[in-house]
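Residue numbers (our numbering): 444 to 645. Heads up, the thing below is written out as structure tokens.
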Amino acid sequence: GEAVAHIAVDHNPMGMAMDPGRGLLYVANSDADTISVLRMGPFELVRTVDVTTLPGVPGGTPNEVLLSPDAGRLFVSCGDLNQVRIYTLPDLEAAGAIPTAFYPTGMAATHDGSTLLVTSSKGWGATKSLHSWPGVVSFVPMEPDAETLEAWTAQATDNVARATEFFSGSDCAQALPLPLDPDEEPVIEHVVVIVRENKTYD
């Protein structure tokens, strides 16, 4: 039960997937939008892969990783992008994406390796409260044909790209009104909060 090694990765490591054939461990870092690749002997960080899909749209929140049965692909569920990203192995090149329901958090493969199961913790969304969100399980082919994967990838990308249009009519140079770099000058000078009723929960 003693620790034999400590390996530093990016912010908030969550899901992990072991690749026994290559002696590697893939770790999803949800607050850094990255995947850490660790070697199991000797224990060390091999590389870090950015899984951000679009420039200026951070917050992919990768929270789970799954190795395909043939160890040829790595599936990464990105909660805040509502999609599962697919990467080829061992190069970890982006191969496509699968649009999902609201906030995917878990994945599993059927025993025969033909179907990918994706759980989305917030279901379809658009409910009255957090407790009204039903979870959703999606059944997706593990190896879709090229035409299907291309259509899925286009849909997943289009869903995310909508966020870049929110401030398109403003004078903001960046896609988001608040800078991601703490040394960058923000475009917002003042924030005014008006409290209409001073309830106890305020």
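Ideal Cβ placement from N, Cα and C applies to all residues, glycine included. Note that the structure is a prediction, hence the values are computed from the model and not measured.
DSSP on residue i, reduced to helix/strand/coil?
| i | result |
| --- | --- |
| Val638 | coil |
| Thr477 | strand |
| Val527 | strand |
| Val603 | helix |
| Thr596 | helix |
| Glu628 | coil |
| Ala538 | strand |
| Glu608 | helix |
| Thr491 | strand |
| Glu590 | helix |
| Gly522 | helix |
| Asn472 | strand |
| Pro505 | strand |
| Val447 | coil |
Quick one, which of the options has its alpha-carbon nearest residue i's?
| i | options | result |
| --- | --- | --- |
| Gly503 | Pro547, Glu590, Val630, Glu627 | Pro547 |
| Ala514 | Ala448, Ala451, Ser563, Leu467 | Leu467 |
| Thr496 | Val583, Ala597, Glu628 | Ala597 |
| Ala448 | Arg516, Pro485, Gly522, Trp595 | Pro485 |
| Trp576 | Val603, Gly549, Phe545, Leu517 | Phe545 |
| Ser581 | Gly549, Asp555, His554 | Gly549 |
| Asp534 | Glu590, Asp624, Glu445, Arg516 | Arg516 |
| Ile450 | Gln526, Glu632, Tyr530, Met483 | Met483 |
| Arg465 | Val492, Arg639, Glu627, Leu510 | Leu510 |
When DSSP builds the beta bridges, which residues end up paired with residue i?
| i | result |
| --- | --- |
| Asp462 | Leu467 |
Please list, in chain order, all residues of the same chain as residue i whose beta carbon is under 6 angstroms from its beta carbon, the five residues on each side excluded.
| i | result |
| --- | --- |
| Leu592 | Gly539 |
| Gly458 | Ala471, Asn506, Glu507, Val508 |
Quick one: what's got a C-beta closer than 8 angstroms to residue i's C-beta in the same chain, skipping five residues either side?
| i | result |
| --- | --- |
| Pro587 | Trp595 |
| Ala475 | Asp453, His454, Asn455 |
How about residue i: is its Cβ closer than 7 angstroms to a heavy atom in the ligand MN?
| i | result |
| --- | --- |
| Ala597 | Summarising the ligand content, the structure contains no ligands, and the ligand MN is consequently not present. |
Going by beta carbon distance, what residues of the same chain come within less than 7 angstroms of residue i, once the five residues before and after it are set aside?
| i | result |
| --- | --- |
| Arg490 | Val480 |
| Trp567 | Ala544, Phe545, Val579 |
| Leu524 | Thr496, Gly503, Val603 |
| Gly522 | Thr504, Asn506, Tyr546, Pro547, Thr548 |
Can you give the beta carbon distance from residue i to residue j, rounded, assuming they're within the 8 angstroms contact cut?
| i | j | result |
| --- | --- | --- |
| Thr477 | Asp453 | 5 angstroms |
| Pro542 | Thr558 | Their Cβ separation, rounded to whole angstroms, is 17 angstroms, which puts Pro542 and Thr558 out of contact at 8 angstroms. |
| Ala551 | Pro512 | Ala551 to Pro512, Cβ: 11 angstroms. No contact. |
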